[in-house]
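>
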Amino acid sequence: MSIATIPWQSRAFAIEIDDGIAVLTLDVPDESVNTLGAAVVDEFTALLDRIEGDTGIRAMVFISGKPENFIAGADIGQFTVITSASEGEALSRSGQAVMDRIERMRTPMVAAIHGACLGGGLEMALASAYRIATDHPKTVLALPEVTLGVIPGAGGTQRLPRTVGLRNALDMILTGRNVRGKKALRMGLIDELVHPAILRDVAVDRARSLADGKIARSSRKRRRRGLADFALEGNPLGRRVVFNKAHAGVIEKTHGHYPAPFAAIEAIRAGYDQGSERGFAEEARLFGEMSVTEVCRQLIYLFFATTALKKDNGVGVPVDSLPVDKLGVLGAGFMGAGIASVAAGRGTVVRLKDADTARVARGLASVYGVLREQLVKKRITPRELDDQMSLVGGTIDYSGFQNVDLVVEAVFEELGLKQQVLREAEEVIPGDAIYASNTSTIPITRIAEASKRPEQVLGMHFFSPVHRMPLLEVIVTRTTTAVVTATAVAYGKKLGKHVIVVNDGPGFYTTRTLAAFMNEAGHLLDEGVAIEALDKALVDFGFPVGPITLMDEVGLDVGAKVGQVLLEAFGERLSPAASLARVVAAGRVGRKGGKGFYLYDSPGGKKRGVDQSVYELLPTGANRVDVPVAEMQQRCVLAMVNEAARCLEEGILRSERDGDVGAVFGIGFPPFRGGPFRYVKTAGANNIVRQLELYHTRFAPRFVPARALVEMAEKGRGKVEPV
Amino acid sequence: MATYGTNGRRAAIVAGLRTPFARAGTDFSSIAAQDLGRTVVAELLQRTAIDGDEIDSVVFGTVVPSVLAPNIAREVALLPMLPKGIPAYTVSRACASANQAITDAADQIVLGHANVVIAGGAESLSNVPILHSRRFSETLVRASKAKSTGARVKTLARTRPRDLVPITPAIAEPSTGETMGESAEKMAKLNHIARDEQDQFALRSHRLAAAGTQDGRLAAEMMPFYVPPRYEIVETRDNGVRTDTSLEALQALKPVFDRRYGTVTAGNSSPLTDGAAAVLIMSAERAAALGYEPIAYIRSYAYAALDPGEQLLQAPVLAAPVALRRAGLSLRDIDLVEMHEAFAAQVLSNLEGFESREWAARAGFSQPVGEVDRSRLNVMGGSIAIGHPFGATGARITMTLAHELKRRGGQFGLMTVCAAGGMGFAMVLEAA
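Note that the protein sequences, when read in sequence, are chains G and R.
Position 573 of the first sequence, counted from 1, bears residue number 578 in my numbering, the numbering being contiguous throughout.
Position 428 of the second sequence, counted from 1, bears residue number 896 in my numbering, the numbering being contiguous throughout.
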């Protein structure tokens, strides 16, 4: 009996052989998605050995047994144990070897792709002789390695440009962007696009045609190229233009904080300039180099932190969350409309209330704007846009609130108003409905004082703009029940957010730490530093915008109000700077008013330069003082980090992980620094405490080191632990 | 007399809603009928908080169907908050289409085939399909079947400029070629309805509609309509209702259909209108089980028809006595009458017909329906002022009658609707 007729046994693979075609179905046991861990790769190479030795087998099909996932990529855990660049290089080399083998094997392989095909999964598909993907929305192809601080290490930087051309490859590799079926077909990333129901059959048929020599391996086909391809990719001069542009683009986007995109460009360039062999060698070398960078470690830390959060129900004990089928939103302003738009985007029925039809109309227009953006990006169809829009019903009374499951109140930040709105709503909403306030500062406990059912009240602090900002801070009081918290957390996740749960307190976690940071920026202004120099210093540190620009964005009146709340709560440690108060007193409110520290084209318009006349309002007047860039950075960042540590010791935060995720995804803490707690560990807690003490002597009562930091330093927890 | 439906299976109107009505070519001109329908039903679902799983069927009426979405009811039923498994169909009975939707729904409930139905109608007269000429359509079809590019070009080259003149569907009777306005003009002459009477009636329609809007009774039937995609316009009332019109202004208008001896003007006719309306109908039993309080029950209804070449819009006169008999009632028992106002001339002709022995005999009755007390007729105006989106009007009138009956503490209400093709409809509602 020929071996080819016997089904093989394997842990992760099912193998069926049909008329000389081996169908390898990958279904990694006990996991929701397939990843290419070391064990899976070992099994796979063993399979290849057997197939190679079996003359009865003429071709192979690689397909996934998961319902909506092909291969999610390499096992990220592997990256964390790399201790040196040469170890990383070796890992890359071994990955390359597997792909190389697939490409060269006697038996051509067809990749039959349904679901996400990412990283190593796509690299394997690229090494295959033929690629077929399904025209299903879950089928996406991407090389997201740079988002984790590394580069594709199993031939991706070499095979992708060869397959789709230089510009397409650079775009995919430098952004990690998802490419869907239709576009993949258009750019030549796949050879065919089929309905999921016939994927396997077509793949087997194509494998047979490959074996019979009726169709060529796709790597041997010539890519169809247009005029622009010849001009920009077909010659060294054109390519240099493309590479330079890509380089400039990366600098503009990352301010040079992330080395991986540059490394990826270098690896791709090596393949073009020095040939394929050098290209692969460079890819492996650069992968190794990247895998041990600080940036890579922090990004991987955040990857694991957010992955862990996805599995965290927010209450620490198993609780079933309740379904949220209908959402009431009180206040159709920018925040309310933003919340309505993401909810409708996820299929929730939304009742959007405001005081008059004009406000409701503006709210609906803004919901439509967000949803239309999805249409323009081809993420939804026109009918889906209509459907999502029809889920949002505007109202000026409480009609339609009698069956809401969750209410999110997003009215003006004023305790009295919020309490009044809560009382009104509770008259109408079902007794078991959950009531959330979207406030950034007002203690939830105070709002809940107005409630007949305070155990059903909590905070859901979204960030603006809601559809782009990935964080949701859920704030619970002493009386909020576990099921209420778990429901808010589960619904936040459904909306696609990273959800952290914090305990109630003035400014909760994010506002409080951000306020400490902004406050210190204000003190620097008091001392006389130049506005743009201060902003630039913090942007250089890695924040998306500088603190003064941010203050203008948030609104100076709002900032002053927050400052007052925190001063009352925490005393002189957070005493507001004089600058902000003076500028607000002069009637400047920031961008929304067209005038703040900066000038704007119009209220809410484009930023122009610093308004030089604003200096006259500041304590030092027209005199500017030079403070070293490092000191400006340290003071602002230390103020933030120190406040984060206090949130931990006071029990506002549940964990350092939540603190890191909250700061990175909510208030723009540089991701490549991992978050405030990782920042402390990277720098060493003892060093941080020493710096704080130094500044304390100069600026008391500010900069008293948080007890949590002192303890960390004493325990010697200064070193970064492996993630 | 047996009531329509045994006690538990009586068809109850538990809620209704409509868009404001907008004259065609104004604020709703860019919105397709299906979107008007979907919007009003989405809001009805929001306000009534009805669980989509409870709904058994969706029936919608429309008169000028979209070529792209001919079964508008299904597009409504496919709203994302409803389960996909609700069967839906579209009906067409000219201006009584929404009435057909409602009586179909009621029948299914009475029969026990359904317990909860959404019935209504939608019309966008701003978006009527424009057709190619027959010759040009044939050319296009032939060109699409041509075997070569050369043959295709040759076929298309035969097109003559006059072939490109588009055909706009007129509101005309296919059987007689008479337009609706011409029919109304003819009825005015046959029944000796003077111009002044018509203008007085139109004025009354506007004044009463304006009052009903002012005091919130009409507004209560409507949702504010936020006009996509810019959402800058919010329609909160019917934009055809004139608060400032006068008899002089109406008298100044020129007759449209017979410029020399005519009496029917744009002022005493209902305008072309965009809008949608829907009602939620349940069996009395299910309404009680779900905790909905019925506004009114459907007590009886009747359809009738006559030769379109005769008096096109006079068939309500034939339908009303039948509906009353089926209800076991006479006009004396009726607290409110709502008549669709296609034209003042038509309403006045219908009212005359109700009093006529001759028309009674034609309907098979020895006694006429009787004289309608004008103080109980169209007490918040009618289609002349409010507007007339063909497919939606029937649902609008049903709701107006049900609400006003309840408001006034009346017991029975009669409504009539005239329809193209020489058809008429009448229905009796009983306050819950």
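Glycine residues also receive a C-beta, built at the ideal position from the N, C-alpha and C atoms.
1. Can the beta-carbon of Asn-736 (chain R) be found less than 8 angstroms from the beta-carbon of Phe-822 (chain R)?
2. Quick check: Met-901 (chain R) and Tyr-771 (chain R), are their CB atoms within less than 8 angstroms of each other?
3. In terms of residues, what are the limits of the beta strand (DSSP E) holding Thr-884 (chain R)?
4. Is the beta carbon of Thr-554 (chain G) closer than 8 angstroms to that of Ser-445 (chain G)?
5. To which residues does DSSP link Cys-122 (chain G) through a beta bridge?
6. In angstroms with no decimal places, state the Cα-to-Cα distance between Ala-480 (chain R) and Ser-395 (chain G).
7. For Gly-520 (chain R), which residues of its own chain have a beta-carbon under 8 angstroms away from its beta-carbon, when the five flanking residues on both sides are left out?
8. Between which two residues does the beta strand (DSSP E) harbouring Ala-64 (chain G) extend?
9. Quick one: measure Cβ to Cβ for Ile-854 (chain R) and Val-709 (chain R), integer angstroms, because I've assumed they're closer than 8 angstroms.
10. Would a C-beta distance cut-off of 8 angstroms place His-472 (chain G) and Gly-343 (chain G) closer than the cut-off?
11. Across which residues does DSSP place Ala-829 (chain R) in a beta bridge pair?
12. Going by Cα to Cα distance, which pick from R:Val-535, R:Tyr-729, R:Cys-563 is closest to Ala-662 (chain R)?
13. Please classify Val-589 (chain G) as buried or exposed, where buried requires at least 16 other C-beta atoms within 10 Å of its C-beta.
14. Give me the chain R residues within the contact set of Leu-643 (chain G), using Cβ-Cβ distance strictly less than 8 angstroms, ordered along the chain.
15. Kindly give me the distance between the Cβ atoms of Ala-860 (chain R) and Ala-566 (chain R), rounded to whole angstroms, as I take these residues to be in contact under 8 angstroms.
16. Would you list the residues sitting across from Lys-358 (chain G) in a DSSP beta bridge?
17. Taking all protein chains shown into account, do 16 or more other C-beta atoms lie within 10 angstroms of the C-beta of Phe-235 (chain G), making it buried, or fewer, making it exposed?
18. Please specify which runs of the beta strand (DSSP E), each continuous and at least 3 residues long, are wholly inside the stretch 470-504 of chain G, giving them in chain order.
19. Does any C-beta atom of chain R lie closer than 8 angstroms to the C-beta of Tyr-373 (chain G)?
20. Contact between the stretch 176-194 of chain G and the stretch 140-156 of chain G is defined here as three or more beta-carbon pairs at a separation below 8 angstroms; is this criterion met?
21. Taking all protein chains shown into account, decide if Leu-539 (chain G) is buried (16 or more other Cβ within 10 angstroms of its Cβ) or exposed.
22. Roughly how many angstroms lie between the CA atoms of Lys-597 (chain G) and Gly-609 (chain G), to the nearest whole one?
23. Below 8 angstroms on the Cβ atoms is my contact criterion, and I expect Val-488 (chain G) with Leu-327 (chain G) to pass it. Report the Cβ-Cβ distance as a whole number of Å.
24. By the criterion of Cβ-Cβ separation under 8 angstroms, what are the contact partners of Tyr-760 (chain R) in chain G?
25. Please list, in chain order, all residues of the same chain as Glu-761 (chain R) whose beta carbon is under 8 angstroms from its beta carbon, the five residues on each side excluded.
26. Within the continuous alpha helix (DSSP H) that includes Phe-285 (chain G), where are the two ends?
27. I want to check one thing, is the minimum distance from the CB of Asn-659 (chain R) to the heavy atoms of the ligand SAH below 7 angstroms?
28. Closer than 8 angstroms by beta-carbon distance: list the chain G residues that pair up with Gln-514 (chain R), in chain order.
29. Take Arg-136 (chain G) and list the residues in its own chain whose beta-carbon comes closer than 7 angstroms to its own, dropping the five residues that flank it on each side.
30. Does chain G have any CB closer than 8 angstroms to the CB of Arg-506 (chain R)?
31. Please identify the residue among G:Gly-399, G:Ala-583, G:Thr-486, G:Gln-639 whose C-alpha is closest to the C-alpha of Val-320 (chain G).
32. For the stretch 679-709 of chain R, list every residue whose C-beta sits within 9 angstroms of some C-beta in chain G, in sequence order.
33. Can you confirm whether Asp-392 (chain G), when its beta carbon is compared against all beta carbons of chain R, has any partner nearer than 8 angstroms?
34. Please classify Leu-44 (chain G) as buried or exposed, where buried requires at least 16 other C-beta atoms within 10 Å of its C-beta.
35. Tell me, please, whether the CB atom of Gly-730 (chain R) is closer than 8 angstroms to any CB atom in chain G?
36. What does DSSP give as the partner residues of Ala-117 (chain G) in its beta bridges?
Once the coordinates are examined:
1. No, these two residues do not count as a Cβ contact at 8 angstroms.
2. Residue coverage of chain R in this structure runs from 469 to 900, which leaves residue 901 (chain R) outside it and unanswerable.
3. Where Thr-884 (chain R) is concerned, the enclosing beta strand (DSSP E) stretches over 880-887.
4. No, these two residues do not count as a Cβ contact at 8 angstroms.
5. Note: Cys-122 (chain G) sits in a beta bridge opposite G:Ile-76, G:Leu-146.
6. 27 angstroms
7. Leu-513, Met-549, Leu-550, Pro-551, Ile-554
8. 64-69
9. 6 angstroms
10. yes
11. BP columns for Ala-829 (chain R) are empty, so no partner.
12. R:Tyr-729
13. With 16 or more other Cβ atoms within 10 Å, it is buried.
14. Within 8 angstroms Cβ-Cβ: nothing; Leu-643 (chain G) doesn't reach chain R, min ~46 angstroms.
15. 6 angstroms
16. G:Leu-335, G:Thr-400
17. exposed
18. 476-481
19. yes
20. yes
21. buried
22. 4 angstroms
23. 7 angstroms
24. None at all; the shortest Cβ gap to chain G is about 12 angstroms.
25. Val-482, Ala-755, Ala-900
26. From DSSP, the alpha helix (DSSP H) with Phe-285 (chain G) extends over 265-296.
27. The model depicted lacks the ligand SAH and carries no ligand whatsoever.
28. Val-354, Arg-356, Gly-398, Thr-400, Ser-404, Gly-405
29. Closer than 7 angstroms at the Cβ level, and outside the excluded window around Arg-136 (chain G), lie Ala-116, Ile-118, Ala-130, Ile-195, Asp-196, Ser-223.
30. yes
31. Ranking the options by Cα distance to Val-320 (chain G), first place goes to G:Thr-486.
32. Met-691, Pro-692, Tyr-694, Val-695, Pro-696, Pro-697, Arg-698, Tyr-699, Glu-700, Ile-701, Val-702, Thr-704
33. yes
34. What sits at residue 44 (chain G) in the sequence shown is Ala, not Leu. Looking at its Cβ environment, which holds fewer than 16 other Cβ atoms inside 10 Å, Ala-44 (chain G) is exposed.
35. no
36. G:Ile-68, G:Ile-137
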